[in-house]
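Report on one structure; see the data block that follows.
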Amino acid sequence: MTIAVKKRIVESEKYALKCPNPMTPEYITLHNTANDASAANEISYMTGNSESTSYHFAVDDKEVIQGIPLNRNAWHSGDGTNGTGNRKSIAVEICYSKSGGARYRAAETLAIKFVAQLLKERGWGIDRVRKHQDWNGKYCPHRILSEGRWDEVKAAIEKELKALGGGKTSSSKTSPAKKKTTGSSSKKTSYALPSGIYKVTSPMRKGDDVRRIQNALAALYFYPDKGAKNFGIDGAYGAKTANAVKRFQSMYGLTADGIYGPKTKAKIEALLK
Ligand SMILES: [Zn+2]
């Protein structure tokens, strides 16, 4: 049975912010929302706010909702303005991943069927499916990864795809998977994170060391300021950088005080490896 998609497409006035570039998709990228909101709430928040972060679909235990047209790019992969994830992939967010449980598992099951349907519609194989982590190293989809089930989820998508009569590996014409692998290994740039304590001070602490912290946060998708040009990477440890640090800390179980110190440094380094 075909899964219906409810369309709640962002208004065209916001294309420049949310989906500025035409796109011919080549991949599907899976995410976990790291939140406990429904698909309807995720999409209305995403399309309504003034940050650039965007994605094509949110899936919960009941429905699939689309917020960005499939012929336009979305900002979800953290791999930069010209990254393959951001520019060539359809983003699918699976809801309720923060707390998990039956509601999450039902959302994941629907997402698996939906991704299979997208593959079938395009004549694609399972080789087109990526996890957010593949693009920039971010620990996402966090619940699938922490439960060690990525291979299981992919196998489940493939099984659904076969049931739909699809499942052949995509034509080699557009599978630059090799290129992408080298891209992600070159992503292992050393950020040379500074030691010491960084927090909001007056006047603001500024310098290349702060810039390196900001770049590392951006690489992990915790942009200091998603709405700003260059994601707010300005080399100044102000409120926006502290907020990015805070979001990072709360995501990874650290004391969320917005102060960069040895524990935050160690966690960022571990994730960037
Ligand atoms: Zn993600």
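For the sequence shown, this note's numbering puts the final residue at 273, and the numbers step up evenly by one. Quick reminder that beta carbons are idealized off the backbone N, C-alpha and C, glycines included. Treat the numbers as computed from the prediction; the structure is a model and nothing was measured.
Cut-off 7 Å between Cβ atoms - residues of its own chain near residue 212, not counting five sequence neighbours on either side: 191, 192, 193 and 194
Quick check on the DSSP output: the beta strand (DSSP E) that includes residue 278 runs from which residue to which? The chain is shown from 1 up to 273; residue 278 falls before or after that span and cannot be answered.
Do you know how far the Cα of residue 129 is from the Cα of residue 180? In this prediction, residue 180 scores a pLDDT of 39, lower than 50, which makes its location untrustworthy; no coordinate-derived value is stated.
Delimiting residues of the alpha helix (DSSP H) encompassing residue 259: Element bounds for residue 259: n/a, residue is neither H nor E.
Residue 130 in three-state terms, based on DSSP: strand
On the CB-based measure, 16 or more other CB atoms within 10 Å of its CB, does residue 79 come out buried or exposed? buried
Please indicate yes or no: does the CB of residue 140 lie closer than 7 Å to some heavy atom of ligand 1? yes
Between the segment 255 to 272 and the segment 195 to 204, are three or more C-beta pairs nearer than 8 Å? yes
So, for residue 96: in the same chain, excluding its five sequence neighbours on each side, which residues have a beta-carbon less than 6 Å away from its beta-carbon? 36, 103, 104 and 107
Taking only the alpha-carbon atoms, compute the straight-line gap between residue 204 and residue 14 and give it to the nearest angstrom. 32 Å
Near residue 174, which residues of its chain fall below 6 Å by C-beta distance, leaving aside the five closest residues on each side in sequence? At residue 174, the pLDDT of 45 sits below 50, so the modelled position is not reliable and the matter cannot be decided from this model.
Drop a sphere of 10 angstroms on the beta-carbon of residue 138, count the other beta-carbons inside from all chains shown, and report buried for 16 or more, exposed for fewer. buried
Mapping the DSSP letters down to three states, classify residue 173 as helix, strand or coil. With a pLDDT of only 47 at residue 173, under 50, the local geometry of the prediction cannot be trusted, and the value read off the model is given with reservation. Helix.
Residue range of the unbroken alpha helix (DSSP H) whose run includes residue 31: From DSSP, residue 31 is part of no alpha helix (DSSP H) but of the beta strand (DSSP E) over 27 to 32.
Which whole-angstrom value describes the C-beta separation of residue 67 and residue 29, a residue pair presumed to lie in contact below a C-beta threshold of 8 Å? Actually they do not touch by this definition, with Cβ atoms about 15 Å apart.
Quick check on the burial criterion: 16 or more other C-beta atoms within 10 angstroms. Buried or exposed for residue 22? exposed
What are the start and end residues of the alpha helix (DSSP H) that includes residue 120? 102 to 122
Using alpha carbons as the reference points, say which of 125, 266 and 140 lies closest to residue 131. 140
Mind checking whether the beta-carbon of residue 324 lies closer than 7 Å to any heavy atom of ligand 1? The chain is shown only over 1 to 273; residue 324 falls outside these bounds and no answer can be derived.
Got a sec? Which residues, its chain only, sit under 7 Å from residue 98 by beta carbon, not counting five neighbours each side? 34, 35 and 36
Roughly how many angstroms separate the alpha carbons of residue 11 and residue 2, rounded to a whole number? 26 Å
On the DSSP bridge assignment, give the partners of residue 205 in chain order. 237
Supposed contact pair residue 44 and residue 18 - C-beta distance, whole angstroms, cut 8 Å: Wrong, their Cβ atoms sit about 13 Å apart, outside the cutoff.
Can you tell me where the alpha helix (DSSP H) holding residue 153 begins and where it ends? 150 to 163
Between residue 218 and residue 224, how many whole angstroms is the CB-CB distance? I'm expecting something under 8 Å. 7 Å
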